[in-house]
Each structure stands twice: as structure tokens, then as C-alpha cells.
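Number of protein chains: 2
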Amino acid sequence: MNAYQPRTDDMQFVLSRVLNAPAQLQALPAFAEVDPELMQQVLDEAGKFVGEVIAPLNRDGDEIGAQWRDGAVTMPPGFKDAYQSFWQSGWPALAASTEDGGQGLPSVLEAMLYEMLSAANHGWTMAPGLLHGAYECIKHHASDELKALYLEKVATGEWLATMCLTEPHAGSDLGLARTKAVPLPDGRYAVSGTKIFISGGEHDLSDNIVHLVLARLPDAPPGPKGLSLFLVPKFYPDGTRSRVHCDRIEEKMGLHGSPTCVMRFDEAVCQIVGEPGKGLSAMFVMMNAARLHVALQGIGLLDAAWQKADAYAQERRQMRAPGKGKSAAEADFIAEHPAMRRILDTQRAWVDAGRVLAYRTALELDLIKHSPDANTQAAAQRWCALVTPVMKSVFTHQAFHGGSDCLQVFGGHGYVREWGIEQIVRDARVAMIYEGTNEIQAIDLLVRKVLTDGGQGMNALMDTLGADLVPTDPAHTKANTQAHTQALKRMQSLRTLTAQIVHTAPQDAALAFRVADDYLRAVALVLMDWAWLRIEAGLSADTPNALARWTTPAQALRHWVLPEFDMRCAIIGQQCAAAAASALVAA
Amino acid sequence: MNAYQPRTDDMQFVLSRVLNAPAQLQALPAFAEVDPELMQQVLDEAGKFVGEVIAPLNRDGDEIGAQWRDGAVTMPPGFKDAYQSFWQSGWPALAASTEDGGQGLPSVLEAMLYEMLSAANHGWTMAPGLLHGAYECIKHHASDELKALYLEKVATGEWLATMCLTEPHAGSDLGLARTKAVPLPDGRYAVSGTKIFISGGEHDLSDNIVHLVLARLPDAPPGPKGLSLFLVPKFYPDGTRSRVHCDRIEEKMGLHGSPTCVMRFDEAVCQIVGEPGKGLSAMFVMMNAARLHVALQGIGLLDAAWQKADAYAQERRQMRAPGKGKSAAEADFIAEHPAMRRILDTQRAWVDAGRVLAYRTALELDLIKHSPDANTQAAAQRWCALVTPVMKSVFTHQAFHGGSDCLQVFGGHGYVREWGIEQIVRDARVAMIYEGTNEIQAIDLLVRKVLTDGGQGMNALMDTLGADLVPTDPAHTKANTQAHTQALKRMQSLRTLTAQIVHTAPQDAALAFRVADDYLRAVALVLMDWAWLRIEAGLSADTPNALARWTTPAQALRHWVLPEFDMRCAIIGQQCAAAAASALVAA
Numbered sequence: 142m143n144a145y146q147p148r149t150d151d152m153q154f155v156l157s158r159v160l161n162a163p164a165q166l167q168a169l170p171a172f173a174e175v176d177p178e179l180m181q182q183v184l185d186e187a188g189k190f191v192g193e194v195i196a197p198l199n200r201d202g203d204e205i206g207a208q209w210r211d212g213a214v215t216m217p218p219g220f221k222d223a224y225q226s227f228w229q230s231g232w233p234a235l236a237a238s239t240e241d242g243g244q245g246l247p248s249v250l251e252a253m254l255y256e257m258l259s260a261a262n263h264g265w266t267m268a269p270g271l272l273h274g275a276y277e278c279i280k281h282h283a284s285d286e287l288k289a290l291y292l293e294k295v296a297t298g299e300w301l302a303t304m305c306l307t308e309p310h311a312g313s314d315l316g317l318a319r320t321k322a323v324p325l326p327d328g329r330y331a332v333s334g335t336k337i338f339i340s341g342g343e344h345d346l347s348d349n350i351v352h353l354v355l356a357r358l359p360d361a362p363p364g365p366k367g368l369s370l371f372l373v374p375k376f377y378p379d380g381t382r383s384r385v386h387c388d389r390i391e392e393k394m395g396l397h398g399s400p401t402c403v404m405r406f407d408e409a410v411c412q413i414v415g416e417p418g419k420g421l422s423a424m425f426v427m428m429n430a431a432r433l434h435v436a437l438q439g440i441g442l443l444d445a446a447w448q449k450a451d452a453y454a455q456e457r458r459q460m461r462a463p464g465k466g467k468s469a470a471e472a473d474f475i476a477e478h479p480a481m482r483r484i485l486d487t488q489r490a491w492v493d494a495g496r497v498l499a500y501r502t503a504l505e506l507d508l509i510k511h512s513p514d515a516n517t518q519a520a521a522q523r524w525c526a527l528v529t530p531v532m533k534s535v536f537t538h539q540a541f542h543g544g545s546d547c548l549q550v551f552g553g554h555g556y557v558r559e560w561g562i563e564q565i566v567r568d569a570r571v572a573m574i575y576e577g578t579n580e581i582q583a584i585d586l587l588v589r590k591v592l593t594d595g596g597q598g599m600n601a602l603m604d605t606l607g608a609d610l611v612p613t614d615p616a617h618t619k620a621n622t623q624a625h626t627q628a629l630k631r632m633q634s635l636r637t638l639t640a641q642i643v644h645t646a647p648q649d650a651a652l653a654f655r656v657a658d659d660y661l662r663a664v665a666l667v668l669m670d671w672a673w674l675r676i677e678a679g680l681s682a683d684t685p686n687a688l689a690r691w692t693t694p695a696q697a698l699r700h701w702v703l704p705e706f707d708m709r710c711a712i713i714g715q716q717c718a719a720a721a722a723s724a725l726v727a728a
Numbered sequence: 142m143n144a145y146q147p148r149t150d151d152m153q154f155v156l157s158r159v160l161n162a163p164a165q166l167q168a169l170p171a172f173a174e175v176d177p178e179l180m181q182q183v184l185d186e187a188g189k190f191v192g193e194v195i196a197p198l199n200r201d202g203d204e205i206g207a208q209w210r211d212g213a214v215t216m217p218p219g220f221k222d223a224y225q226s227f228w229q230s231g232w233p234a235l236a237a238s239t240e241d242g243g244q245g246l247p248s249v250l251e252a253m254l255y256e257m258l259s260a261a262n263h264g265w266t267m268a269p270g271l272l273h274g275a276y277e278c279i280k281h282h283a284s285d286e287l288k289a290l291y292l293e294k295v296a297t298g299e300w301l302a303t304m305c306l307t308e309p310h311a312g313s314d315l316g317l318a319r320t321k322a323v324p325l326p327d328g329r330y331a332v333s334g335t336k337i338f339i340s341g342g343e344h345d346l347s348d349n350i351v352h353l354v355l356a357r358l359p360d361a362p363p364g365p366k367g368l369s370l371f372l373v374p375k376f377y378p379d380g381t382r383s384r385v386h387c388d389r390i391e392e393k394m395g396l397h398g399s400p401t402c403v404m405r406f407d408e409a410v411c412q413i414v415g416e417p418g419k420g421l422s423a424m425f426v427m428m429n430a431a432r433l434h435v436a437l438q439g440i441g442l443l444d445a446a447w448q449k450a451d452a453y454a455q456e457r458r459q460m461r462a463p464g465k466g467k468s469a470a471e472a473d474f475i476a477e478h479p480a481m482r483r484i485l486d487t488q489r490a491w492v493d494a495g496r497v498l499a500y501r502t503a504l505e506l507d508l509i510k511h512s513p514d515a516n517t518q519a520a521a522q523r524w525c526a527l528v529t530p531v532m533k534s535v536f537t538h539q540a541f542h543g544g545s546d547c548l549q550v551f552g553g554h555g556y557v558r559e560w561g562i563e564q565i566v567r568d569a570r571v572a573m574i575y576e577g578t579n580e581i582q583a584i585d586l587l588v589r590k591v592l593t594d595g596g597q598g599m600n601a602l603m604d605t606l607g608a609d610l611v612p613t614d615p616a617h618t619k620a621n622t623q624a625h626t627q628a629l630k631r632m633q634s635l636r637t638l639t640a641q642i643v644h645t646a647p648q649d650a651a652l653a654f655r656v657a658d659d660y661l662r663a664v665a666l667v668l669m670d671w672a673w674l675r676i677e678a679g680l681s682a683d684t685p686n687a688l689a690r691w692t693t694p695a696q697a698l699r700h701w702v703l704p705e706f707d708m709r710c711a712i713i714g715q716q717c718a719a720a721a722a723s724a725l726v727a728a
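Structure (C-alpha cells):
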């Protein structure tokens, strides 16, 4: 089994040549000193750390897994040492402010780091994966007293953190949460209740664990507006243990390197974070960043699956490939068979475009935070609001389904543990569920974002994308010009489709919910199309060898992936027509 | 966790009302005494046995699994007793000839039995799943001496059997096999070599195991034509042990209840089955039946996944569903959310149509064997040759991908073991690989069957299907007439597409290989469409409650599944056009 190796050259190409990110970032006052060389250096160091320290632990993470005993969780071999080395090297603090003990680097570098970590070892990465959200949450909502105690510890990752949201009867619907918080005379609170699916609720990676817990005050109304946020550490600053217990960990399909804990809070003394009743909004302030991170897990895992399948297909021979002369060997390489080529090239098309879109989204997050220009900020907000749910959904979907396609390249060997490909498929499956199921992402996009402004934001996004696609370069070939025309046509179809849904939705309350998944896929395909035209625009004619590495997946995208767009339009169009016809009959 | 329960009422509806199978079978001399009541009785008894004896063992099969130690394999708790009861009750012998100790019943009943068994416990079912093929192979190819020793034991299932094909370096490409068979002076042979991925190569279910082994005689040519077939029992008739060893079993993604063995033959003394050099053809005589069984595994597993998801969605509430008035409950049932309804109804559309197509294929297998009419036989051969690879591919695909959709209905609970849904997804994955990978099925269909006769067989199949679809019933509604028109239009598109590929293929040797998967999907969608129109034709107007159970998935098929047809046509059309254009440039 060959472990994942970060391809920082490909990542760097997308960052610099496709997105021109270093120049954009350096133009911001906050990153004036972050020059391209520094970014390159950070990326290279990150790749080295991930490849040498984190990737080799992945298999034990799956086979041995996290082990629960008497309320304590022992992590798989090597996990603790790797984590200690990770935080002491400053990796969790990459994008945290220097004033909080962080390194003050752009979010896009953090995004690239987490893509590599997830690809190398999804289970291990779950633990630090929640740090950034907890850091921002404490920074923006906690009292000065709490900040003094916890902010730097969480910013640097010396202490790990959890998000305690889900309860046994309340999965996606947090408004149903029943965990109680009772005020104590000294201004603190006592929290009681059971939370489930708590990633890293208990472990031996760090000296302390900081739990952010959603609970309901005694006089709180029912529903999401009655929830407040509380901070419960495993150990208080004086070293005493809090009344929070890990009752068990789940047996899961995969992700065995990450303990998924049932946490019981038994009148655990704690402090409130932010105002009463504002718990959900405090927690959701980081939603776009968290969803982007999950999308990056998908991109990373798909890259890891592709790497394995590609290596296998290039070294193993099976049967004759069509159109090849008889060679001395008794069979041709798997990679030479058209059905296998199609799988490999298609997954690469998703990975490369995924990077363009994910890094661009991370850049937009940097712009939201640091741009002095209000218009830039507004455009960045729009990008993140619309693109993030699409990314989360399609790249976690692709990691599982495309990962399964990569498994297929191995034939029967893919189904056994030996090559590590089936682990990727099992690990990847969960990302379609957590951080808002993929169906919830689709509803978020269409119902909460597109319908609420009558499609204006989506049309503005199409304007932004379309403006990038004017083929002004005289070197454009005929095929490329045609691809531009096709892309602009799809954007136009999406505008028409948006208008049609906006127009018909008032006549059928369930319509938008029925077609939300199709709409999200249609948007995703427009984004993929755009991303690949940007990649092609970034290629230079003087590197002919490198060209095939990029033009092959571009072709796969156009042959095998983009035809789905018309199908999605047809499904949505048919639903809109049926809804309009029903309304007419009823009227 | 609720275990799978066979729905023999639904199965019976398809068999009798949709396919009119009992009457068709009774018209054959071989089944003159098989009346509808007997078929119903067998089906009910099978359902009872599967639900009560086999289904409850499924979870231990996964969690404890088959255990290897010092060359012996211990099966999971209860597996052996269940198997002994299974064969002693005559179930393996259902469709075997009465002269061989079988019950002489139609293959379609056996098919239905195996659908239920696979749904209930895929791992357990692997062991008897190979019996039928071994029985037919011995019956048609072995010497009288071998038959006297082994035929009845295998027919009744008293002894289990294996197929030893794959070797470490030869997966799909059996022509690469290197296992050697050296003739002995007494007319017997000594076989040496290692075979991998041998399901049930070793276990404690039955007193003896009969291995059918592909090997190469010393003077044999390279490639598939050099392979002969040998029978190596675990124990010889005199009770001595043969020199065949189970070196280890694989750690797999799922299917832990079935030991996947590495079998070492160490000059194992054996006898030849059939003629030298005819090993592959002896083994592949049962290919259609074996592939149909794998398709039935897919249908069964998808039904099991649907049952679990449907039950969960009807008992658990999450969030408000659109278009519903506020009820007293704090949230609506998961089944009321459009995205979840879509998943559930779509999977049911696949299961129901899958039954129509699979039972019809099993009927055609009965006609091939027993019909006195040459035209009927030829039509049945055509149906099986063309429909079987489609069924194997799409229903194993759907069991995994649709099973994953069913997992999604559970949210985070789907990813943990508790509800048993993730086991189905893991177990189902292997069926996309074995018995010829799904990509090989697609090549078999398009390259080996459709192109070789210029599309005539496929067009004849379309004639057969189309002849069923003349809406002569005056009770046909407008919507139903429209559905008929659409179906006939798709059949016409498929004819056009077939002609286009036939015409263009000579200009590009790889073309058919590139579009084989799309072509298979297009054929599958035409078959699904036909199957649902046949189901609707079987509904009677006097059962209004039962109607919704069938009309809901019919609608899901038309809304969410059939739009893929045009996409597949577009992909293929584009590839044909590009190939033709390239040929023009080259000319």
C-alpha cells in the first residue's frame, strides 16, 4: 500500500497561475508581508510534515482505531506524538491572529494544509479540524475572562476543542435540543444532558479539551432561539476535572481514527459564551469556513483515492486494450483500458476544479476579513454564501462515489484492505452527512439563499464568473473558444432556470425542496466548467509536457461530466411545468 | 435494528399479475404439475425460512465474521446450523432435476429464493450461491464416474462447492492463469498453484467441499484456450484429505460472513471435468444464471436497505416539512421531507422493476431449458444474452449507490453500526466487481453482443418489448398513454443510437469501449421504463389502496430516473460524432 503524498506542485499551480492568489493577498494591508516565496515555503513545509508524519499513521488509525475504556479514550499508535509535534510546530495557529498566538497567515494556506491532512489521514485530522471554529467562536463571543483563560490555548492548538450540538433525538434539527443549563448564584451555569456524535469528545492527544455546548436556559423558549452556548473544559484552570463524561464511542462504517463520542454533562459547571439565546448564531458564525473545510476533505480524499488507483493502473496489466498492437507483454496496463482511463481522468477533473473553487473560496474568506473595500467584501460574502454549500455537497459526494470508482480500478483487490482504497470510501461517506447533510446544503442554497432574493445573488455570481470568460487571448484555439461559448450558454440556462423556479415556487410550497438537489448539481457543473476554463487560461504554451497532465482531465470533464447539466435542467423544468399546471387546475 | 422481512406479497404480484408466470410455466411439459398454488406455497415457505432462520444471523456475520486459524475456517455463530437445516429442507435442490435428487421446480422460484436470501444475509448466501453453477457444470461435463460420486451431493447441497478461477496476477483476465495440472499414470492429475478470492474455499458448514479448479496442462497453449477444469474435493470418497490448503482469508470492506480464501493446491490429486482445453467453456456455461443471481443480490440488498430506511423515516421526526400546517408535534416525519421521499420512492422504483426484469429473465432460462419450441428458445436466448449483463451491472450499482442514499435517510445514525444500514452498503460493494466487473458487463453487451450482429439482436429485443406496449386497454388514462408514447420513443432512440455506434465503431477501435457504460445504462433505462408500464398494466382498478403503493415509485421513475436516458444518448452521440470527424481528418 502506497501512502498519500501531497502534490504541492499541482496545488501551487492552482494558487499562483490560475488564481493569482499571492498578488491578490499581498495587496491587502494584513498580508503586505506575505510574499509568494513565503507562501511557497509554508506549503512545502506543510506537504513535508503531512507526507512524513501524518500519512503513515492512516492505516493503524483504521485498523486499531480509537479505543474506549472506562470513560477514557486511547488514540491509535502515533496519533498523540504526531499531534504534539503538529501544534508545537505552529500548524493549528497558521491563520490565527498574531495577537492570539497565531501566525497571521491567509486562510487559503490553512485550507491547503487541511486538504492535505484530510487526504493523508481523515481520522487524525478530525481532532484539529474543529480548532479554527472554536477559536473564532471564543474570540468573537466569549467574555474577556474566558478569553484570557482559553483563547491562546485554542488558537495554538495546545488544547483541542469540540462542538457539542447533536442530541439523541435531534440530528439536523438543533432546535429540538433539550440539554439544560441552570444559572448558579456566582454567575456560572450547570449544564446537564447528553450529546451524541461528538468528534474528539474524549482522547489523549492534548492535556485539556474545551467543549462548546449548546443548551437551553430554564426560561428559554422552545426551538432554535432558545439555545445558548456554554464553555465546559475537561479540566478547569485549577486542574480539577469537570462533570463531563464520555459514556461510549460509536462503532462506525469508517473514520475509526476519530472517536465519535457520547458525552454526558452531569451538572457540569461552566460559563456562557455570548448572550443568552444567541447560541446558534455564535456557533454558526464560522459555518462557511467549516463547510469549506469539509469540502476540502472531499477534495483531499478524492485525490488520495485517485493517487492509489492511478499508481495501480500504471503498474498492473490485465487483458488487451482496444486499438493497441500486440506487444511482447501478455496483457496491457489497466490504465490503457478506456473504461479505466475514463474513471481516472474524471476524478482528476473533479480534484483540480475542486482546488480552484475551494482555494478561491478561501481567498474570498480572507477578503471578507481583511479587504478595506465594501464592494469587494460584499462580492466575497455573496461568493461564499452561494458557493460554499455547493462545494460541501458535491465534493463530499464525489469523494465517496468517485472514490468508489477508483476502488473499481483495483477489481477484487479494491475490496480487500491491503491497498487502502476501501478505507477511503468508508471514511469519505460520513462527510456527506456531517456539517449539514448534503440535502440540507441544497435547501440552504436554493430555498434560503436563491429564492429569498429572487435569484439576484445567483445572477450576480454568474456575472462574476462570466466576466472571467471573455476569450480575449489571441492564442485561443477553436476548441477553446467553443468551450467558452458552451460555458456562457450554460450560465444563461442557469439564469433562466433560476427565474423559472423563483416564478413557480409560490404556487407549490414543496417545489423548491423537490428540485434543490438538481439545482445544486446544475450550479456545481457551471462552477466546474468555469474552473477548468480558468485552468486552461493559466497554462502556458511553452510547457508541452505539462499540458497533457491538464488537458486530459479537461477533456474528461467535457465528455463525461458536463452532460449532466442538461439532465438537471430537464428534471427541474419538468417539475416547474407540472407545478404550474397543477396551480392552474386548482385556480 | 429491524431485520429484513421478505415481502412475498409484492414478489407474488410481480410473478403472477405482471408476468403471468405460473400459466406460462404450466404450459411447459416439464412443469405441467407446477400449479400456481404450489408456487405460492414454495414462495411462502421460503420467505418464512429466510425471515426466521437466515435474517437474524446477519449482524453476527458482519461483526464476528468468518475466522481463520491454522488453515481451518470457523463460520459465524448459527451459520452452520442454518446451513444444515437449509439443505436438509431441500432448498438448494429446488431447481435441480428430480433424477439428481432435486425438486425439479422452475428456476424463477430459485431466483426469488436467492433474492430473499441475499437481502437477509449476503455473507451467508455466498456459500450456497455457488452450488447451482457447480451442479450444472458437473452434470453437463463430468464423467459418469465423477457424477456418481459428486452430482447428487452437490445437487442437494449436502456438500458445498467452489469455483477456483482467479490467481494473484490474473483477476478479470483468466487467460493469464498459471496453475498447473500434471497427468498421473492412473489417468488422474496433480494440480499445483495458488488461487485467490475463493468464496467459501474453506469453512465448517458442510462435511465436504468440492472445488472446481481452472488449470493448465503441461502442453497447453498460453491464453484462455489452454485452460482445463479439474475437480478437487476437500475429502476423497475414502475419507482421506486432499492436498488443498486455505492459507488465509482476506480482510474485506464487508461480506465478513463469507470467507474469501487464498487456496493453495500442492500437487492435489484430482480428475478432469470435460475435455482438455475446454475448461473455460465448461465453467461459463452457467454464466447467465450466475450473473442473474448477482443481479438478484443487488435487488435483494436494495430492498433490504429500502426497508430499513422506510421504517426509520416513518418513525422519526426532524424539522418541518414544506407545505404542511403546523401540527402538535414539534417536527415532521423524515418521510414527509421531499428530498427523503425522493430517495425512498426512487429506490423502490428500482427494486420493483428489478423484480420484473429478473423474474422474467429467470423465466426465459426456464424456457431455454424446457420449451419444445425452437423460436421460443431462440428468443429466450436473445433475451438472456442481452438483458443479463445489463441486470448484473445496474442492480449491483444501484444496491451500492441507492443503498448509500438509504443510509443518508438516517443522517448520522446511518454511519454507525447500530441500524445495520452501513453494513448493507459495505456488503453490496463487492457485487459490482465479482462475476465480471460492471465495466466488463458493459463491454460484453456492446462489443461482444450488439456489435457482432450489427445490432440485430438488440433491435429484435426492442421489437419484443415494444409489442407489449400497445395501449389497447380502453381504461388507459391520458398520462398512461403519454408514458407509453415516451417509452416507444426511447426505444426508437436506442435503435438509432445502436445504428450510429455500429456505423462508427469500425473507424475507431476504442469507441465502443469508451461508451459501453453509457450504452448499458441507456438499455437499462429502456428496460426499467418497460417494466413499470407492465406493472401498471397489471394493476386493477378495484384496489385503490394498493394503487398508491405502485403509482408512487412509477412517478419517481419518470421524474428522477428516466431523464438520465437523454444524457446517455448525448454522451454517446458526441463520442460517435467526434470519432467520425477524426476518421474524416485522417482519411
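These protein sequence lines map, in sequence, to chains A and B. So in this note's numbering, spot 548 of the first sequence is number 689, and the numbers just go up one at a time. So in this note's numbering, spot 112 of the second sequence is number 253, and the numbers just go up one at a time. Heads up, the beta-carbon is just placed ideally off N, CA and C, and yes, glycines get one too. All figures in this text were calculated on a predicted structure; none of them were measured in a lab.
Item                                                                                                                                                                             : Value
For A/Ala430, I'd like the list of residues in its chain whose CB is within less than 8 Å of its CB, leaving aside the five on either flank, ordered along the chain.            : Ser248, His273, Gly274, Glu277, Leu506
Please decide whether A/Thr307 counts as near chain B, where near means a Cβ-Cβ distance under 8 Å.                                                                              : yes
Could you work out which residue in B/Tyr575, B/Asp493, B/Val726, B/Thr215 is closest to B/Val155 when comparing CA atoms only?                                                  : B/Asp493
Going along chain A in order, which residues have a C-beta closer than 8 Å to the C-beta of B/Ile574?                                                                            : Gln549, Gly552, Gly553, Gly555, Tyr556
In chain order, which beta strand (DSSP E) runs of at least 3 residues are fully inside the segment 282-306 of chain A?                                                          : 301-305
Taking the C-alpha atoms as reference points, what is the distance between A/Val351 and A/Met267?                                                                                : 15 Å
Could you name the residues of chain B that A/Ala470 contacts, counting a contact when the two beta carbons are closer than 8 Å?                                                 : Result: empty, since nearest Cβ-Cβ is about 11 Å, beyond 8 Å.
By the three-class DSSP mapping on this structure, what secondary structure does A/His310 have?                                                                                  : coil
Let me confirm a value: A/Gly466 is counted as buried when at least 16 other C-beta atoms fall within 10 Å, else exposed. Which label applies?                                   : exposed
Count the other C-beta atoms from every protein chain shown that fall within 10 angstroms of the C-beta of A/His281, then say buried if there are 16 or more, exposed otherwise. : exposed
Can you pull the DSSP bridge partners for A/Met404?                                                                                                                              : A/Lys336, A/Cys387
So for B/Arg458, helix, strand or coil by DSSP?                                                                                                                                  : strand
With three or more beta-carbon pairs closer than 8 Å as the criterion, would you say the segment 411-418 of chain A touches the segment 510-522 of chain A?                      : no
Tell me the rounded alpha-carbon separation between A/Gly367 and A/Arg636.                                                                                                       : 38 Å
Take the Cβ of A/Gln459 as the centre, count every other Cβ of all protein chains shown within 10 Å, and call the residue buried at 16 or more, exposed below.                   : buried
Answer with buried or exposed for A/Leu370, where buried requires no fewer than 16 other C-beta atoms within 10 angstroms of its C-beta.                                         : buried
Report the three-state DSSP secondary structure of B/Arg148 (helix, strand or coil).                                                                                             : coil
Does the count of Cβ pairs from the segment 372-388 of chain B and the segment 417-429 of chain B closer than 8 Å reach three?                                                   : no
Do we get a CB-CB distance below 8 Å when we pair A/Gln459 with the residues of chain B?                                                                                         : yes
Within this structure, are the beta carbons of B/Gly395 and B/Arg567 separated by less than 8 Å?                                                                                 : yes
Using the beta-carbon of each residue, which ones in chain A are nearer than 9 Å to B/His542?                                                                                    : His542, Ser545
Could you pull out every residue in the same chain whose Cβ sits closer than 6 Å to the Cβ of A/Thr239, ignoring the five residues on either side in sequence?                   : Gly245
From the DSSP output, read off the bridge partner residues of A/Gln412.                                                                                                          : A/Leu372
Counting pairs of Cβ atoms below 8 Å between the segment 571-584 of chain A and the segment 602-610 of chain B, do you hit three or more?                                        : no
Taking the C-alpha atoms as reference points, what is the distance between A/Ala678 and A/Leu610?                                                                                : 9 Å
Tell me A/Thr215's beta-bridge partners as DSSP assigns them.                                                                                                                    : A/Gln208
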